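**Student:** Numbering (the working numbering), first residue to last: 14 to 342.
We put the beta carbon where it would ideally sit given N, CA and C, even for glycine.
These numbers were taken from a predicted model, which means no experiment stands behind them.
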(Lines of atoms letter the chains of each structure in order from A; the text may use other names.)
(Lines give C-alpha, C1' and ligand atoms only; values in the text may rest on other atoms or scores of the structure.)
Protein backbone atom coordinates (compact mmCIF):
# COMPACT_ATOMS: atom_id res chain seq x y z
CA UNK A 14 0.00 0.00 0.00
CA UNK A 15 2.95 2.31 0.66
CA UNK A 16 4.04 2.12 -2.98
CA UNK A 17 0.44 2.53 -4.13
CA UNK A 18 0.25 5.90 -2.37
CA UNK A 19 3.56 6.95 -3.92
CA UNK A 20 2.49 5.95 -7.44
CA UNK A 21 -0.81 7.78 -7.16
CA UNK A 22 0.97 10.90 -5.95
CA UNK A 23 3.59 10.81 -8.69
CA UNK A 24 0.98 10.41 -11.43
CA UNK A 25 -0.96 13.38 -10.03
CA UNK A 26 2.22 15.49 -9.97
CA UNK A 27 2.96 14.56 -13.58
CA UNK A 28 -0.58 15.50 -14.60
CA UNK A 29 -0.06 18.94 -13.07
CA UNK A 30 3.40 19.38 -14.57
CA UNK A 31 2.69 18.06 -18.07
CA UNK A 32 -0.91 18.78 -19.09
CA UNK A 33 -2.30 21.34 -16.62
CA UNK A 34 -2.42 24.99 -17.59
CA UNK A 35 -0.06 27.05 -15.39
CA UNK A 36 -1.37 29.39 -12.74
CA UNK A 37 -3.21 27.14 -10.28
CA UNK A 38 -1.41 27.83 -6.99
CA UNK A 39 -3.12 25.04 -5.02
CA UNK A 40 -2.41 22.30 -7.56
CA UNK A 41 1.14 23.56 -8.04
CA UNK A 42 1.75 23.59 -4.29
CA UNK A 43 0.42 20.05 -3.89
CA UNK A 44 2.58 18.93 -6.80
CA UNK A 45 5.65 20.42 -5.08
CA UNK A 46 4.86 18.53 -1.87
CA UNK A 47 4.57 15.30 -3.87
CA UNK A 48 7.88 16.07 -5.58
CA UNK A 49 9.42 16.42 -2.13
CA UNK A 50 8.12 13.00 -1.10
CA UNK A 51 8.25 10.81 -4.22
CA UNK A 52 11.89 9.96 -4.92
CA UNK A 53 12.77 9.69 -1.23
CA UNK A 54 9.68 7.55 -0.73
CA UNK A 55 10.54 5.15 -3.53
CA UNK A 56 14.08 4.78 -2.17
CA UNK A 57 12.61 4.07 1.27
CA UNK A 58 10.32 1.44 -0.27
CA UNK A 59 13.24 -0.03 -2.23
CA UNK A 60 15.33 -0.44 0.91
CA UNK A 61 12.31 -1.83 2.76
CA UNK A 62 11.60 -4.41 0.05
CA UNK A 63 15.25 -5.37 -0.50
CA UNK A 64 15.86 -6.05 3.18
CA UNK A 65 12.66 -8.08 3.51
CA UNK A 66 13.40 -10.20 0.45
CA UNK A 67 16.84 -11.12 1.80
CA UNK A 68 15.44 -11.95 5.26
CA UNK A 69 12.89 -14.27 3.68
CA UNK A 70 15.56 -15.91 1.51
CA UNK A 71 13.92 -14.71 -1.66
CA UNK A 72 17.03 -13.33 -3.29
CA UNK A 73 17.08 -15.87 -6.14
CA UNK A 74 19.88 -16.43 -8.61
CA UNK A 75 21.87 -13.61 -10.18
CA UNK A 76 20.09 -14.15 -13.51
CA UNK A 77 16.70 -14.02 -11.82
CA UNK A 78 17.69 -10.80 -10.04
CA UNK A 79 18.77 -9.24 -13.34
CA UNK A 80 15.16 -9.25 -14.51
CA UNK A 81 14.35 -6.31 -12.23
CA UNK A 82 17.08 -4.00 -13.57
CA UNK A 83 16.24 -5.06 -17.14
CA UNK A 84 12.60 -4.05 -16.66
CA UNK A 85 13.58 -0.69 -15.17
CA UNK A 86 16.00 -0.03 -18.03
CA UNK A 87 13.31 -0.84 -20.60
CA UNK A 88 10.90 1.47 -18.77
CA UNK A 89 13.47 4.27 -18.90
CA UNK A 90 14.05 3.74 -22.62
CA UNK A 91 10.31 3.87 -23.37
CA UNK A 92 9.65 6.97 -21.27
CA UNK A 93 12.86 8.76 -22.24
CA UNK A 94 12.56 8.26 -25.99
CA UNK A 95 8.85 9.15 -25.85
CA UNK A 96 9.80 12.42 -24.12
CA UNK A 97 12.27 13.21 -26.89
CA UNK A 98 9.73 12.53 -29.63
CA UNK A 99 6.56 13.97 -28.08
CA UNK A 100 7.64 16.73 -25.69
CA UNK A 101 11.01 17.93 -26.97
CA UNK A 102 10.03 16.95 -30.54
CA UNK A 103 13.60 16.28 -31.60
CA UNK A 104 12.51 13.64 -34.09
CA UNK A 105 14.50 10.47 -34.47
CA UNK A 106 17.78 12.13 -33.55
CA UNK A 107 20.39 9.39 -33.51
CA UNK A 108 22.64 11.36 -31.17
CA UNK A 109 19.91 11.99 -28.60
CA UNK A 110 18.56 8.45 -28.73
CA UNK A 111 22.09 7.05 -28.35
CA UNK A 112 22.46 9.30 -25.32
CA UNK A 113 19.31 7.81 -23.81
CA UNK A 114 20.44 4.25 -24.56
CA UNK A 115 23.83 4.85 -22.91
CA UNK A 116 22.33 6.77 -19.95
CA UNK A 117 24.30 9.91 -20.80
CA UNK A 118 21.13 11.84 -21.74
CA UNK A 119 18.26 11.58 -19.27
CA UNK A 120 15.08 13.26 -20.60
CA UNK A 121 12.50 14.88 -18.34
CA UNK A 122 10.08 12.87 -16.19
CA UNK A 123 12.27 9.80 -16.80
CA UNK A 124 15.47 10.59 -14.88
CA UNK A 125 14.36 8.77 -11.74
CA UNK A 126 14.11 5.50 -13.70
CA UNK A 127 17.78 5.72 -14.68
CA UNK A 128 18.72 6.21 -11.02
CA UNK A 129 16.70 3.17 -9.98
CA UNK A 130 18.26 1.10 -12.75
CA UNK A 131 21.74 1.84 -11.39
CA UNK A 132 20.56 1.21 -7.83
CA UNK A 133 18.92 -2.10 -8.72
CA UNK A 134 22.14 -3.25 -10.40
CA UNK A 135 24.11 -2.37 -7.28
CA UNK A 136 21.66 -4.29 -5.09
CA UNK A 137 22.36 -7.50 -7.01
CA UNK A 138 25.79 -7.51 -5.41
CA UNK A 139 25.29 -5.78 -2.06
CA UNK A 140 21.57 -6.08 -1.41
CA UNK A 141 21.96 -9.23 0.68
CA UNK A 142 23.83 -7.23 3.32
CA UNK A 143 21.71 -4.08 3.26
CA UNK A 144 19.31 -5.12 6.01
CA UNK A 145 22.05 -6.55 8.21
CA UNK A 146 24.14 -3.39 7.95
CA UNK A 147 21.14 -1.14 8.62
CA UNK A 148 20.53 -3.01 11.89
CA UNK A 149 23.95 -1.93 13.20
CA UNK A 150 23.53 1.52 14.83
CA UNK A 151 27.08 2.69 14.13
CA UNK A 152 27.00 1.64 10.47
CA UNK A 153 23.53 3.13 9.98
CA UNK A 154 24.63 6.43 11.53
CA UNK A 155 27.73 6.50 9.32
CA UNK A 156 25.66 5.84 6.20
CA UNK A 157 23.18 8.58 7.09
CA UNK A 158 25.98 11.05 7.81
CA UNK A 159 27.80 10.35 4.53
CA UNK A 160 24.56 10.67 2.59
CA UNK A 161 23.74 13.98 4.28
CA UNK A 162 27.28 15.24 3.63
CA UNK A 163 27.06 14.37 -0.07
CA UNK A 164 24.05 16.69 -0.35
CA UNK A 165 26.28 19.58 0.72
CA UNK A 166 28.93 18.92 -1.92
CA UNK A 167 28.71 19.41 -5.67
CA UNK A 168 31.33 17.95 -7.98
CA UNK A 169 31.81 20.21 -10.96
CA UNK A 170 33.93 18.06 -13.24
CA UNK A 171 32.76 14.70 -14.50
CA UNK A 172 34.67 12.69 -17.08
CA UNK A 173 31.91 10.08 -16.99
CA UNK A 174 28.33 11.37 -17.33
CA UNK A 175 27.10 8.30 -15.44
CA UNK A 176 28.59 9.73 -12.26
CA UNK A 177 25.84 12.36 -12.30
CA UNK A 178 23.44 9.56 -11.45
CA UNK A 179 25.47 8.97 -8.29
CA UNK A 180 26.63 12.41 -7.14
CA UNK A 181 25.33 15.99 -7.22
CA UNK A 182 26.57 18.32 -9.93
CA UNK A 183 25.74 21.96 -10.77
CA UNK A 184 23.01 22.64 -13.33
CA UNK A 185 21.92 19.02 -13.09
CA UNK A 186 18.28 17.91 -13.10
CA UNK A 187 19.03 14.27 -12.35
CA UNK A 188 18.29 12.38 -9.12
CA UNK A 189 21.75 11.54 -7.72
CA UNK A 190 21.66 8.50 -5.48
CA UNK A 191 24.24 9.54 -2.87
CA UNK A 192 22.24 12.38 -1.24
CA UNK A 193 19.04 10.30 -1.23
CA UNK A 194 20.72 7.09 -0.03
CA UNK A 195 19.74 7.89 3.56
CA UNK A 196 16.19 6.84 2.70
CA UNK A 197 17.41 3.53 1.29
CA UNK A 198 19.19 2.86 4.59
CA UNK A 199 16.20 3.91 6.67
CA UNK A 200 13.86 1.76 4.58
CA UNK A 201 16.09 -1.24 5.26
CA UNK A 202 16.22 -0.31 8.95
CA UNK A 203 12.42 -0.24 9.24
CA UNK A 204 11.88 -3.43 7.21
CA UNK A 205 9.98 -5.98 9.23
CA UNK A 206 9.39 -3.70 12.21
CA UNK A 207 5.81 -4.17 13.46
CA UNK A 208 5.21 -0.51 14.30
CA UNK A 209 5.43 2.42 11.87
CA UNK A 210 7.84 4.44 14.02
CA UNK A 211 8.80 5.31 17.58
CA UNK A 212 8.47 8.59 19.45
CA UNK A 213 12.07 9.60 18.89
CA UNK A 214 11.79 8.97 15.15
CA UNK A 215 8.57 10.99 15.02
CA UNK A 216 10.20 13.93 16.82
CA UNK A 217 13.27 13.87 14.57
CA UNK A 218 11.12 13.62 11.44
CA UNK A 219 8.92 16.50 12.56
CA UNK A 220 12.01 18.60 13.29
CA UNK A 221 13.50 17.85 9.86
CA UNK A 222 10.29 18.71 8.02
CA UNK A 223 9.75 21.83 10.12
CA UNK A 224 13.29 22.99 9.36
CA UNK A 225 12.71 22.48 5.64
CA UNK A 226 9.39 24.35 5.67
CA UNK A 227 10.81 27.20 7.76
CA UNK A 228 13.67 27.75 5.33
CA UNK A 229 11.44 27.28 2.28
CA UNK A 230 8.99 29.96 3.47
CA UNK A 231 11.47 32.51 4.80
CA UNK A 232 14.74 32.24 2.88
CA UNK A 233 15.41 34.11 -0.33
CA UNK A 234 16.57 30.86 -1.89
CA UNK A 235 14.53 27.82 -0.81
CA UNK A 236 16.20 24.41 -0.47
CA UNK A 237 17.23 23.23 -3.92
CA UNK A 238 15.65 20.22 -5.58
CA UNK A 239 18.15 20.13 -8.48
CA UNK A 240 20.78 19.30 -7.48
CA UNK A 241 19.21 18.21 -4.18
CA UNK A 242 20.37 19.91 -1.02
CA UNK A 243 20.44 17.93 2.20
CA UNK A 244 17.60 20.05 3.57
CA UNK A 245 15.45 19.16 0.56
CA UNK A 246 16.17 15.44 1.01
CA UNK A 247 15.33 15.36 4.74
CA UNK A 248 12.30 17.62 4.27
CA UNK A 249 10.08 14.67 3.43
CA UNK A 250 10.79 12.87 6.72
CA UNK A 251 7.49 13.51 8.50
CA UNK A 252 5.44 12.88 5.36
CA UNK A 253 7.13 9.52 4.80
CA UNK A 254 6.53 8.35 8.35
CA UNK A 255 2.88 9.31 7.99
CA UNK A 256 2.71 7.47 4.64
CA UNK A 257 4.16 4.39 6.34
CA UNK A 258 1.73 4.64 9.25
CA UNK A 259 -1.26 5.13 6.95
CA UNK A 260 -0.32 2.25 4.66
CA UNK A 261 0.26 -0.15 7.57
CA UNK A 262 -3.01 0.86 9.23
CA UNK A 263 -4.98 0.38 6.01
CA UNK A 264 -3.48 -3.06 5.34
CA UNK A 265 -4.14 -4.24 8.90
CA UNK A 266 -7.70 -2.98 9.19
CA UNK A 267 -9.17 -3.07 5.70
CA UNK A 268 -9.35 -5.98 3.26
CA UNK A 269 -8.53 -4.05 0.11
CA UNK A 270 -9.45 -5.52 -3.28
CA UNK A 271 -6.51 -6.28 -5.55
CA UNK A 272 -7.60 -3.55 -7.95
CA UNK A 273 -6.84 -0.86 -5.34
CA UNK A 274 -3.37 -2.20 -4.61
CA UNK A 275 -2.51 -2.72 -8.28
CA UNK A 276 -0.39 0.48 -8.58
CA UNK A 277 1.92 -0.76 -5.83
CA UNK A 278 2.34 -4.16 -7.49
CA UNK A 279 2.87 -2.80 -11.01
CA UNK A 280 4.81 0.40 -10.35
CA UNK A 281 6.71 0.53 -13.64
CA UNK A 282 3.65 -0.14 -15.79
CA UNK A 283 1.66 2.65 -14.13
CA UNK A 284 4.46 5.21 -14.27
CA UNK A 285 5.50 4.51 -17.86
CA UNK A 286 1.96 4.12 -19.24
CA UNK A 287 0.82 7.34 -17.55
CA UNK A 288 3.89 9.18 -18.88
CA UNK A 289 3.19 8.00 -22.43
CA UNK A 290 -0.46 9.03 -22.14
CA UNK A 291 0.41 12.47 -20.74
CA UNK A 292 3.15 13.11 -23.30
CA UNK A 293 0.70 12.26 -26.09
CA UNK A 294 -1.99 14.45 -24.56
CA UNK A 295 0.32 17.46 -24.39
CA UNK A 296 1.43 16.92 -27.98
CA UNK A 297 -2.17 16.75 -29.25
CA UNK A 298 -4.01 19.17 -26.95
CA UNK A 299 -1.44 21.27 -25.11
CA UNK A 300 -2.48 21.97 -21.51
CA UNK A 301 -6.23 21.22 -21.34
CA UNK A 302 -6.48 20.52 -17.60
CA UNK A 303 -7.78 23.45 -15.55
CA UNK A 304 -7.52 23.44 -11.77
CA UNK A 305 -6.99 20.96 -8.97
CA UNK A 306 -10.21 18.98 -9.37
CA UNK A 307 -9.70 18.34 -13.06
CA UNK A 308 -6.15 17.20 -12.33
CA UNK A 309 -7.50 14.81 -9.69
CA UNK A 310 -10.12 13.46 -12.12
CA UNK A 311 -7.54 12.93 -14.86
CA UNK A 312 -5.28 11.14 -12.36
CA UNK A 313 -8.13 8.88 -11.24
CA UNK A 314 -9.10 8.12 -14.83
CA UNK A 315 -5.51 7.28 -15.78
CA UNK A 316 -5.03 4.96 -12.80
CA UNK A 317 -8.37 3.24 -13.44
CA UNK A 318 -7.69 2.79 -17.17
CA UNK A 319 -4.22 1.35 -16.60
CA UNK A 320 -5.55 -0.93 -13.87
CA UNK A 321 -8.32 -2.26 -16.12
CA UNK A 322 -5.84 -2.84 -18.94
CA UNK A 323 -3.55 -4.82 -16.61
CA UNK A 324 -6.49 -6.88 -15.36
CA UNK A 325 -7.70 -7.57 -18.90
CA UNK A 326 -4.26 -8.70 -20.07
CA UNK A 327 -3.80 -10.84 -16.95
CA UNK A 328 -7.15 -12.56 -17.47
CA UNK A 329 -6.42 -13.14 -21.15
CA UNK A 330 -3.05 -14.71 -20.33
CA UNK A 331 -4.58 -16.97 -17.69
CA UNK A 332 -7.26 -18.07 -20.13
CA UNK A 333 -4.71 -18.87 -22.82
CA UNK A 334 -2.63 -20.93 -20.38
CA UNK A 335 -5.50 -22.92 -18.90
CA UNK A 336 -5.91 -26.41 -20.45
CA UNK A 337 -8.73 -26.88 -22.91
CA UNK A 338 -11.14 -29.52 -21.72
CA UNK A 339 -12.31 -32.04 -24.25
CA UNK A 340 -16.01 -31.93 -25.00
CA UNK A 341 -17.96 -34.90 -23.61
CA UNK A 342 -18.93 -37.52 -26.17
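(1) Taking residue 283 and residue 38 to be in contact with their CB atoms under 8 Å, please state how far apart those CB atoms are, rounded to whole angstroms.
(2) For residue 27 and residue 287, which I take to be in contact (beta-carbon distance under 8 Å), what is that distance rounded to the nearest angstrom?
(3) At the level of alpha carbons, what is the spacing between residue 320 and residue 17?
(4) On the criterion of 16 or more Cβ atoms from any shown chain inside 10 Å, does residue 47 qualify as buried, or is it exposed?
(5) Hey, is the stretch 56-67 in contact with the stretch 132-144, meaning 3+ C-beta pairs nearer than 8 Å?
(6) The alpha helix (DSSP H) spanning residue 82 covers which residue range?
(7) In or out: residue 149 buried (at least 16 other Cβ within 10 Å) or exposed?
(8) For residue 308 and residue 45, what's the separation of their Cα atoms in angstroms?
(9) Distance check for residue 107 and residue 82, CA to CA, integer angstroms please.
(10) May I ask you to verify whether the stretch 186-195 touches the stretch 264-271, counting CB pairs closer than 8 Å and requiring at least 3?
(11) In this structure, does DSSP put residue 166 in helix, strand or coil?
(12) Is residue 28 helix, strand or coil by DSSP?
(13) Could you tell me whether the stretch 83-95 touches the stretch 144-164, using the rule of 3 or more Cβ pairs below 8 Å?
(14) Under 8 Å Cβ to Cβ from residue 348, same chain only, skipping five residues before and after it: list those, please.
(15) Distance check for residue 165 and residue 243, CA to CA, integer angstroms please.
**Tutor:** Considering the structure as presented:
(1) As a working note, residue 283 is residue 270 in the chain shown. As a working note, residue 38 is residue 25 in the chain shown. Residue 283 to residue 38, Cβ: 27 Å. No contact.
(2) Here residue 27 refers to the residue found at position 14 when the chain shown is read from its first residue. Here residue 287 refers to the residue found at position 274 when the chain shown is read from its first residue. Indeed they touch by this definition, with Cβ atoms about 6 Å apart.
(3) Counted from its first residue, the chain shown places residue 320 at position 307. Counted from its first residue, the chain shown places residue 17 at position 4. Taking the straight line joining both Cα atoms gives about 12 Å.
(4) By one-based count along the chain shown, residue 47 stands at place 34. Classification of residue 47: buried, given that the 10 Å Cβ count is 16 or more.
(5) yes
(6) Taking the first residue of the chain shown as position 1, residue 82 is located at position 69. Here the alpha helix (DSSP H) through residue 82 covers 80-95.
(7) Stepping through the chain shown from its first residue, residue 149 is reached at position 136. Residue 149 is exposed by the Cβ-count criterion.
(8) What you label residue 308 is simply residue 295 of the chain shown in a count that begins at 1. What you label residue 45 is simply residue 32 of the chain shown in a count that begins at 1. Rounded to the nearest angstrom, the two C-alpha atoms are 14 Å apart.
(9) In the chain shown, residue 82 corresponds to position 69, counting from 1. In the chain shown, residue 107 corresponds to position 94, counting from 1. Their backbone Cα atoms lie some 24 Å apart in a straight line.
(10) no
(11) Taking the first residue of the chain shown as position 1, residue 166 is located at position 153. Note: residue 166 maps to coil in three-state DSSP.
(12) Translated into the one-based positions of the chain shown, residue 28 becomes position 15. Looking at residue 28 - three-state DSSP - the assignment turns out to be helix.
(13) no
(14) Residue coverage of the chain in this structure runs from 14 to 342, which leaves residue 348 outside it and unanswerable.
(15) Start at 1 with the first residue of the chain shown, and residue 243 comes out as number 230. Start at 1 with the first residue of the chain shown, and residue 165 comes out as number 152. Taking the straight line joining both Cα atoms gives about 6 Å.
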